[in-house]
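When the letters of the sequence shown are read in order and numbered with UniProt numbering, they come out as residues 1 to 451.
Don't be surprised by glycine CBs; every beta carbon is placed ideally from N, CA and C.
Since the structure comes first, as structure tokens, the remarks are kept for the end.
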Amino acid sequence: MQVIRSQRKSSALDAVVATTLPLYRAAPNLEVRLEDFELFAIDRLRVLKRISDGLSRGKKPEEIEKLVNELWKAHMRHPQASEAINKDIISHFVLRLVYCRTEELRKWFLSMETTLFRYRFKLESFESQRSLLAEFDLPYKAVSHAEFESVKEKLSQVARSLGQSLTSGDTIFYKVPFEDIPELVAGRRVYIHKGHAYVAMNQVVSLVVTQFRSNLSKALILTNRKWTSMIRDQEKNRLTPIVEALSTSYLGPDYSEPKEFAEISLKDIDRVANSSFPLCMRHLFEKLREDHHLRYGGRMQLGLFLKGVGLKLDDALAFWKSEFSKKVGPERFDKEYAYSIRHSFGKEGKRVDYTPYSCQKIISSTPGVGDHHGCPYRHFSEDNLRAALSKMGVNSRAMDDVMDKVRNRHYQLACTLTFEAIHGSSCDAGINHPNQYFIDSQKILQSKVSD
């Protein structure tokens, strides 16, 4: 796959892919515009991250199937219908580069792409499913009519145990070594005889997904070798920065400027901090009030958040000065700290208007001794986290759910559950940004006042 800066892509993938669901066996031999290289990958990443969130929330298979269908239609369409398959394949191979680089990244990508493939396969027509099964060239043959009749009663018993019945559409069965379909065996959803399982056509997804996962797992290892030995250095001035940034990129709205709520005043800041700050910002705010100082990482994380929720520059300077002056004095504040605050508002230096930190950026930070920034769900001890959540008003039942997500390293979902417990309202989109938490909180609280 060759990446170019501004040239029309070829649309000759029809010969490579026989159905609308590719198997991603080899990178397509076509040219890709640099803009599409990143944009297509971001669109696919939106799909994978929402699937990940849905799985973490324990959604049922039928709910995940519906979610996959909706997400694919929302994010993976193309203005030109003929280019939709190109977008599908290009985005997969770009993200394969992005997520091949560490074992943790490979594990996440493998799981999400396999889940995506599973439910896209289930959404395919019967004819397409049979075509895809043939493409995998698996060493399984359909059971003959005579053999089917000899085990029909056993197959019917299995179907009845699952609350189903054999229909004309189930008369195609494949005879498969039982170790090739562990999930069906574990769920007692197949009849096993002499080491072989009889897999109905409507269960073929398990065969296909197992093979897909195996192929992708091997491909990710090979891609990693190519990336480290050749591609990373060859593309260090062009693709490498994009690839390395995508795995931690924030894909939501821009919170550089307050949109929902025009501004917050100094007299209201303690009230809204108590009611609508996420735990990461509430902790920093309380430490600032307590110690009258924060180190650089904490000042940036809290300062940009406050800017995003509507604290104007003059009020920001007054707020920080009132606290720091209690410890370092007003003259030292003006000399050592005021410049940094003006700089973050784009009023000094290169006049860059800095953006509030996303959850992903905060989670990936590494606070040291004496620092208070970062994500409490990741960096707090269990006892400290429980105490902080209890102080916010999280009840014991919700607390257990939050801590379960923390132990499984689903930090953003833990924050989402905290939000839902405190506000008594669901947040289906999940919390992806501290400023999103604030805005959604304010909306809920203001709607309760108006009611």
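**OP:** Grab me the residues of Q436's own chain with a C-beta within less than 6 Å of its C-beta, minus the 5 sequence neighbours each way, in chain order.
**Re:** Answer for Q436: no residue qualifies.
Original post:
Who are I341's beta bridge partners in DSSP?
Top reply: In DSSP, I341 forms no bridge with anything.
Subject >> V394 versus A318: straight-line alpha-carbon distance, rounded >> reply: Straight-line Cα distance between these residues: approximately 33 Å.
Subject >> Strand pairing of Y198, partner residues [DSSP] >> reply: As a beta-bridge residue in DSSP terms, Y198 pairs with K175 and Y191.
Original post:
Mapping DSSP to helix, strand and coil, what is A318?
Top reply: Three-state DSSP puts A318 in a helix.
Original post:
For A245, does the three-state DSSP call read helix, strand or coil?
Top reply: When DSSP states are grouped into helix, strand and coil, A245 belongs to the helix group.
Subject >> Residue span of the alpha helix (DSSP H) that contains Q129, given as start and end >> reply: F126 to F136 is the extent of the alpha helix (DSSP H) around Q129.
Subject >> Buried versus exposed, by CB contacts within 10 Å (16 or more), F126 >> reply: Using a 10 angstroms sphere on the CB of F126, the tally of other CB atoms stays under 16, which defines it as exposed.
**OP:** Starting from the Cα of L302, find the closest Cα among P253, Y357 and S381 and give me that residue.
**Re:** Nearest C-alpha to L302 among P253, Y357 and S381: Y357.
Subject >> Per-residue DSSP class, three states only, for S10 >> reply: At S10, the pLDDT of 41 sits below 50, so the modelled position is not reliable; the number obtained from the coordinates is stated separately. Correct three-state label for S10: coil.
Subject >> C-alpha gap between S6 and A219, whole angstroms >> reply: Annotation note: pLDDT 41 at S6 (below 50); position unreliable, no value reported.
Original post:
Going by DSSP, what residues sit across from A142 in a beta bridge?
Top reply: A142 pairs with Y174.
Original post:
Taking the alpha-carbon positions, what's the R351 to H343 distance?
Top reply: Roughly 7 Å separates the two Cα atoms.
**OP:** Would you mind reading off the limits of the alpha helix (DSSP H) that contains V352?
**Re:** Per DSSP, V352 is not a residue of any alpha helix (DSSP H), being assigned neither H nor E.
**OP:** Give a yes or no on whether the C-beta atoms belonging to L288 and Y354 are separated by under 8 Å.
**Re:** In terms of Cβ geometry, L288 and Y354 do not form a close pair [threshold 8 Å].
**OP:** Tell me whether H410 is buried or exposed, calling it buried when 16 or more other Cβ atoms sit within 10 Å of its Cβ.
**Re:** Burial call: buried.
**OP:** Please report the Cβ distance between V151 and H193, rounded to the nearest whole angstrom; I am assuming they are in contact, meaning their Cβ atoms lie under 8 Å.
**Re:** Yes, they are in contact, since the Cβ atoms of V151 and H193 sit about 7 Å apart, within 8 Å.
Original post:
Would you call the CB atoms of L246 and V98 closer than 8 Å?
Top reply: In contact: L246 and V98 (Cβ atoms closer than 8 Å).
Original post:
Mind checking whether H78 and A84 have CB atoms under 8 Å apart?
Top reply: Yes, they are a contact pair.
**OP:** Compare the C-alpha of W72 against each of L311, T418 and T20 and name the closest.
**Re:** Considering only L311, T418 and T20, the residue with the shortest C-alpha distance to W72 is T20.
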